[in-house]
Amino acid sequence: LAQCPAYQQDRQQSEAQRTVASESLKVLDRHAQKLIEEMYFCLRVHLLDEPYRMEEWGFDLKQTTGHIIWPRGRTGRMALLSIYIKQELSRPAALRLTRPNLEDVIVLRDEIKAIQAASRAGYTRRKKSNAIGYALSRQMTECLRAAGVFLISRRFNYRITHDLEKWGFKVVKRVSRAGNGALS
117 LAQCPAYQQD RQQSEAQRTV ASESLKVLDR HAQKLIEEMY FCLRVHLLDE
167 PYRMEEWGFD LKQTTGHIIW PRGRTGRMAL LSIYIKQELS RPAALRLTRP
217 NLEDVIVLRD EIKAIQAASR AGYTRRKKSN AIGYALSRQM TECLRAAGVF
267 LISRRFNYRI THDLEKWGFK VVKRVSRAGN GALS
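Remember, our numbering sits 116 above the position in the sequence shown when you count from 1.
Listed below in structure tokens is the structure:
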């Protein structure tokens with residue numbers, strides 16, 4: 117019983133860590149979406165005559181129409197940001213796009229990665245604390261059952277009486293199908 121509060125506190129702290137990280141990720145996702153839109157418009161202007169080259173910066177094009185397929189979900193946005201960073205770093209500094217600032221894109225991607233790791237760590241810690249708490253609960257249940265058997269056999273001579281309530285057990289009189297009242 118003394119072990120339970122530590123695991124309960126760890127579970128609450130890890131859940132709080134995961135929740136804070138999750139909310140931070142939502143804010144960063146919105147920022148990433150705006151940054152990707154800015155990247156798109158700057159590349160459209162820069163590659164006006166060669167829109168197919170936008171694929172080099174991580175944008176997918178629909179072959180039939182030539183329209184951009186926007187990344188879906190955090191995984192798609194992270195992949196696009198990584199390809200964009202790799203492409204821009206491979207170019208000479210004089211030829212790099214001025215907007216958005218490459219450093220801002222790198223910082224955003226790295227921040228999202230760090231917060232994702234914190235969120236996963238909080239989730240893992242919470243699951244581990246829950247598993248330990250459940251194991252302790254099962255162990256305590258077995259100890260209580262054993263204590264109940266011991267009390268009923270040694271103190272009450274295998275008879276269930278209302279005196280068990282003094283030990284914390286709830287004793288209820290039930291009527292059986294045969295009609296006689298029995299304690300349980």
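Quick reminder that beta carbons are idealized off the backbone N, C-alpha and C, glycines included.
| Distance between S140 and R169 (C-alpha atoms, nearest Å) | 33 Å
| Is Q119 near the ligand GTP, judged by its Cβ being under 7 Å from some heavy atom? | With respect to small molecules bound, the structure shown includes none, and the ligand GTP cannot be examined in it.
| request: Taking the CB atoms as reference points, tell me whether G249 and R134 lie closer together than 8 Å. | output: no
| said: Excluding the 5 residues flanking I231 on each side, which residues of the same chain have their C-beta closer than 6 Å to its C-beta? | reply: A137, S140 and L141
| query | So which of L177, R236, I199 and S206 has the shortest CA-CA distance to R225? | reply | I199
| message | By the three-class DSSP mapping on this structure, what secondary structure does K178 have? | response | coil
| field | Supposed close pair Q119, L252 - CB separation, criterion 8 Å | value | 6 Å
| task | Would you mind working out which of N246, A247, K244 and F285 sits nearest G264, comparing C-alpha positions? | result | F285
| field | Nearest-angstrom beta carbon gap, V221 and I201 [assumed within contact, 8 Å] | value | 6 Å
| request: Quick one: grab the DSSP three-state call for V291. | output: strand
| How would you call L159, buried or exposed, if buried means at least 16 neighbouring beta carbons within 10 angstroms? | buried
| query | According to DSSP, is I184 helix, strand or coil? | reply | strand
| query | By Cβ distance, which residues of its chain are closer than 7 Å to A171, with the 5 residues on each side in sequence left out? | reply | Ala is not the amino acid found at residue 171; the sequence shown has Glu there. Excluding residues within five positions, the ones whose Cβ falls inside 7 Å are L177.
| Alpha carbon to alpha carbon, how far is L197 from A132? | 28 Å
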